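A.B. asks: Starting off with a structure, shown below.
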DNA sequence: CTAGAATTTGAGATAAATCTCATTTTTGAG
DNA sequence: CTCAAAAATGAGATTTATCTCAAATTCTAG
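Protein chains in written order, with the numbering used here: chain A, 1 to 210; chain B, 1 to 210.
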């Protein structure tokens, strides 16, 4: 799962056009990882890809388009991985904890993904909504299973999302700390109405089976 | 408490220098309210203040300085108001709820303050820390009173802060909704380890005595 | 009222960035 | 191998800011 060549990996045998495009997308991921989404300049991206500035415009209409494509692509990839890691789980708390844990871990293990995801959630409301849809289903499950006591609205999803972003950003800045990831998972369960001890138990249990 | 002339109100009788400076600071608040902190340009500020672009540099070294001064000033003012509104309260949950409620209400009643506070918390980590210090004392109180079950770290403060920001931003975008403010207060109490029903009761009680 | 000090002014120097396009280079089908 | 189409190139037009500074204006103390 080399994030270094996320896009180029899929272009074996394809034409030059596709390969250059992939190089630009990969360059964009690197630059976003290094300087953040807001400060990713076109020239940074083409330099990183070893191409001329003008080449960019043969492949993307403007700066926004490439950022959006990168963000959607990373979000989809992460979504697939999380889906796979929780597909066998039935209990809603276990699903929420495992998904959250996996999400934060992926963002931190591949800092390039972390920067893209944080940038996307901050600057692209449409993507934030998409990413949080994954959570929505599991929260519904929890209500149905009688273990979550919540008012399931986009507003609640945004509040949970904000906590996850803080967790990732803090760990990217001050160093990875699984204790913080665990605390984040517990806090989400608390938000869902679970007691501190129930939340703690659920997190411990979910981690043991990983 | 006219936010329109937050700074100019304090300059009766002072010299021209002070008055012009205050006009620039007030202009900055307006512009931040309208376009956000990231997009507040020097020229916008001087236009708003009815002054020439060059005048700005007689009073501030650069863009950052005026933004910082505006942010600190608004944060202090809001801090004072909140302190006053909770000074008589003894119970930690009541203090947390009242302070949070007041903070969100101030940000929404004076949209100029809301934009400044959100911009500051997002772009100026130092200010975020200062603002969250107010909360810290009350969380400590709650631990001492045996009603909060938390690991009181800057990390937890940041997670709570992020929820408040989401609440303000959502209401600024989609319209003021006291239900969302109440939900935010309840969610903070849940994070602190209270049960959903205890949280709900504490919020209802704190609001009745306002 | 006056003159020197303080303040304001706004044109323009400077500094990024984005995006365009005529030209050159590369590609790959026949 | 050839050559027309596709792609890449990078200089520079354009845009949009910040910040400087000599000149004009406004204060204020005597």
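For glycine and all other residues, C-beta sits at the position ideal for the given N, C-alpha and C.
These numbers were taken from a predicted model, which means no experiment stands behind them.
Mind checking if residue 100 of chain A is an interface residue toward chain B, Cβ cutoff 9 Å exclusive?
C.D. replies: Here residue 100 of chain A refers to the residue found at position 100 when the first chain is read from its first residue. Chain B, which has no Cβ nearer than 9 Å to the Cβ of residue 100 of chain A, makes this no.
A.B. asks: What residues in its chain sit with their C-beta under 8 Å from that of residue 43 of chain B, if we drop five residues either side in the sequence?
C.D. replies: Position 43 of the second chain, counting from 1, holds the residue named residue 43 of chain B. Around residue 43 of chain B: 53.
A.B. asks: With distances taken Cα to Cα, identify the nearest neighbour of residue 177 of chain A among A:107, A:40, A:72.
C.D. replies: On the first chain, residue 177 of chain A is found 177 positions in, with the first residue counted as 1. Among A:107, A:40, A:72, the Cα nearest to that of residue 177 of chain A belongs to A:107.
A.B. asks: Would you say residue 115 of chain A lies against chain B (beta-carbon separation less than 9 Å)?
C.D. replies: To locate residue 115 of chain A, count along the first chain from 1; it is residue 115. Closer than 9 Å: no.
A.B. asks: Report the residue from A:75, A:46, A:47, A:50 whose alpha carbon sits nearest the alpha carbon of residue 6 of chain A.
C.D. replies: Taking the first residue of the first chain as position 1, residue 6 of chain A is located at position 6. Of the listed residues, the one whose Cα sits closest to residue 6 of chain A is A:75.
A.B. asks: Using only the alpha-carbon positions, how far apart do residue 9 of chain A and residue 100 of chain B sit?
C.D. replies: Translated into positions along the first chain, residue 9 of chain A becomes position 9. Translated into positions along the second chain, residue 100 of chain B becomes position 100. Cα-Cα distance, rounded: 49 Å.
A.B. asks: Let me see if you follow: with CB-CB separation under 9 Å, is residue 39 of chain A close to chain B or not?
C.D. replies: Numbered from its first residue, the first chain carries residue 39 of chain A at position 39. Judged by the 9 Å Cβ criterion, residue 39 of chain A is not in contact with chain B.
A.B. asks: For residue 204 of chain A, decide whether its Cβ has a neighbour in chain B, counting only Cβ atoms nearer than 9 Å.
C.D. replies: As a working mapping, residue 204 of chain A is identified with position 204 in the first chain. Chain B contact via Cβ: absent.
A.B. asks: Report yes if the C-beta distance between residue 164 of chain A and residue 116 of chain A is below 9 Å; otherwise report no.
C.D. replies: Residue mapping note: residue 164 of chain A aligns to position 164 of the first chain, counting from 1. Residue mapping note: residue 116 of chain A aligns to position 116 of the first chain, counting from 1. Cβ atoms of residue 164 of chain A and residue 116 of chain A: not closer than 9 Å.
A.B. asks: I need the DSSP call for residue 107 of chain A, collapsed to helix, strand or coil.
C.D. replies: For the purposes of this step, residue 107 of chain A is taken as residue 107 along the first chain, with counting starting at 1. Residue state, collapsed to three classes: helix.
A.B. asks: Any idea if residue 180 of chain B is buried or exposed, counting beta-carbon neighbours within 10 angstroms, 16 or more meaning buried?
C.D. replies: For the purposes of this step, residue 180 of chain B is taken as the residue at position 180 of the second chain. Buried is the call here.
A.B. asks: Could I get the ranges of all uninterrupted alpha helix (DSSP H) runs contained in the segment 158-202 of chain B, with 4 residues as the minimum, in chain order?
C.D. replies: The qualifying runs are 178-191.
A.B. asks: Are there three or more Cβ pairs, one per stretch, closer than 8 Å when the segment 59-70 of chain B is compared with the segment 132-148 of chain B?
C.D. replies: Flag = no, the segment 59-70 of chain B and the segment 132-148 of chain B do not touch.
A.B. asks: Given that a residue counts as buried once 16 or more other Cβ atoms are within 10 Å of its Cβ, and exposed if not, what is residue 2 of chain B?
C.D. replies: In the second chain, counting from the first residue as 1, residue 2 of chain B sits at position 2. Bear in mind that a pLDDT of 46 at residue 2 of chain B, under 50, signals an unreliable position, so the model cannot answer this.
A.B. asks: Beta-carbon within less than 7 Å of residue 118 of chain A's beta-carbon, same chain only, minus the 5 sequence neighbours each way: which residues are those?
C.D. replies: As a first step, residue 118 of chain A is located in the first chain; it is residue number 118 there, counting from the start. The answer, listed in chain order, is 165, 168, 169.
A.B. asks: Taking Cβ positions only, does residue 180 of chain B come closer than 9 Å to chain A?
C.D. replies: Residue 180 of chain B sits at position 180 when you count from the first residue of the second chain. With 9 Å as the cut-off, residue 180 of chain B counts as an interface residue toward chain A.
A.B. asks: I'd like to know whether the C-beta of residue 162 of chain B is nearer than 9 Å to at least one C-beta of chain A.
C.D. replies: Walking along the second chain from the start, residue 162 of chain B turns up at place 162. Taking Cβ atoms only, chain A reaches closer than 9 Å to residue 162 of chain B, which makes this a yes.
A.B. asks: For a contact defined as C-beta to C-beta under 9 Å, what are the partners of residue 183 of chain B on chain A?
C.D. replies: Looking up residue 183 of chain B in the second chain gives position 183. Within chain A, the residues near residue 183 of chain B are 151, 153, 155, 156, 159.
A.B. asks: Return the residue from the list A:204, A:102, A:26, A:160 that minimises the CA-CA distance to residue 184 of chain B.
C.D. replies: If you number the second chain from 1, residue 184 of chain B lands on position 184. It is A:160 whose Cα lies nearest to the Cα of residue 184 of chain B.
A.B. asks: May I have the straight-line CA-CA distance separating residue 45 of chain A from residue 194 of chain A, to the nearest angstrom?
C.D. replies: One-based indexing of the first chain puts residue 45 of chain A at position 45. One-based indexing of the first chain puts residue 194 of chain A at position 194. Rounded to whole angstroms, residue 45 of chain A to residue 194 of chain A spans 46 Å at the Cα level.
A.B. asks: Does the Cβ of residue 23 of chain A have 16 or more other Cβ atoms within 10 Å, making it buried, or fewer, making it exposed?
C.D. replies: Against the first chain, residue 23 of chain A aligns to sequence position 23. Label assigned to residue 23 of chain A: buried.
A.B. asks: Quick check: the Cα distance between residue 51 of chain A and residue 112 of chain A, rounded to an integer number of angstroms?
C.D. replies: In the first chain, counting from the first residue as 1, residue 51 of chain A sits at position 51. In the first chain, counting from the first residue as 1, residue 112 of chain A sits at position 112. Cα-Cα distance, rounded: 21 Å.
A.B. asks: Could one say the Cβ of residue 190 of chain B lies closer than 9 Å to chain A's Cβ atoms, at least one of them?
C.D. replies: Counting from one through the second chain, the residue named residue 190 of chain B turns up at place 190. Residue 190 of chain B counts as touching chain A.
A.B. asks: In or out: residue 39 of chain A buried (at least 16 other Cβ within 10 Å) or exposed?
C.D. replies: Against the first chain, residue 39 of chain A aligns to sequence position 39. Under this definition residue 39 of chain A is an exposed residue.
A.B. asks: To test your reading of the DSSP string, which unbroken alpha helix (DSSP H) runs of 4 or more residues are found completely within the segment 3-45 of chain A?
C.D. replies: List check, alpha helix (DSSP H) in window: 16-35.
A.B. asks: For residue 110 of chain A, count the other beta carbons within 10 Å of its own beta carbon; 16 or more makes it buried, fewer makes it exposed. Which is it?
C.D. replies: Counting from one through the first chain, the residue named residue 110 of chain A turns up at place 110. Buried: at least 16 other Cβ atoms inside 10 Å.
A.B. asks: Does at least one heavy atom of the ligand MN sit under 8 Å from the Cβ of residue 135 of chain A?
C.D. replies: Absence of the ligand MN from the depicted structure is noted, as is the absence of any ligand whatsoever, leaving it without description.
A.B. asks: Beta carbons nearer than 8 Å to chain A: which residues of the segment 11-30 of chain B have them?
C.D. replies: Answer set for the segment 11-30 of chain B: empty.
A.B. asks: At the 9 Å Cβ level, is residue 166 of chain B part of the contact set with chain A, yes or no?
C.D. replies: The count along the second chain starts at 1 and reaches residue 166 of chain B at position 166. Yes, residue 166 of chain B lies at the interface with chain A (some Cβ there is under 9 Å from its Cβ).
A.B. asks: Can you tell me whether residue 146 of chain A is helix, strand or coil according to DSSP?
C.D. replies: The residue given as residue 146 of chain A occupies position 146 in the first chain. Three-state DSSP puts residue 146 of chain A in coil, outside helix and strand.
A.B. asks: With distances taken between CB atoms, is the gap from residue 191 of chain A to residue 190 of chain B smaller than 9 Å?
C.D. replies: Numbered from 1 along the first chain, position 191 holds the residue referred to as residue 191 of chain A. Numbered from 1 along the second chain, position 190 holds the residue referred to as residue 190 of chain B. Against a cut-off of 9 Å, the Cβ pair of residue 190 of chain B and residue 191 of chain A comes out as a contact.
A.B. asks: So for residue 129 of chain A, helix, strand or coil by DSSP?
C.D. replies: Start at 1 with the first residue of the first chain, and residue 129 of chain A comes out as number 129. Here residue 129 of chain A sits in helix by DSSP.
A.B. asks: Our contact map puts residue 93 of chain B next to residue 202 of chain B with C-beta atoms below 8 Å; I'd like the distance itself, whole angstroms only.
C.D. replies: As a position in the second chain, residue 93 of chain B is number 93, starting the count at 1. As a position in the second chain, residue 202 of chain B is number 202, starting the count at 1. With 8 Å as the limit, residue 93 of chain B and residue 202 of chain B qualify as a contact, their Cβ atoms being about 4 Å apart.
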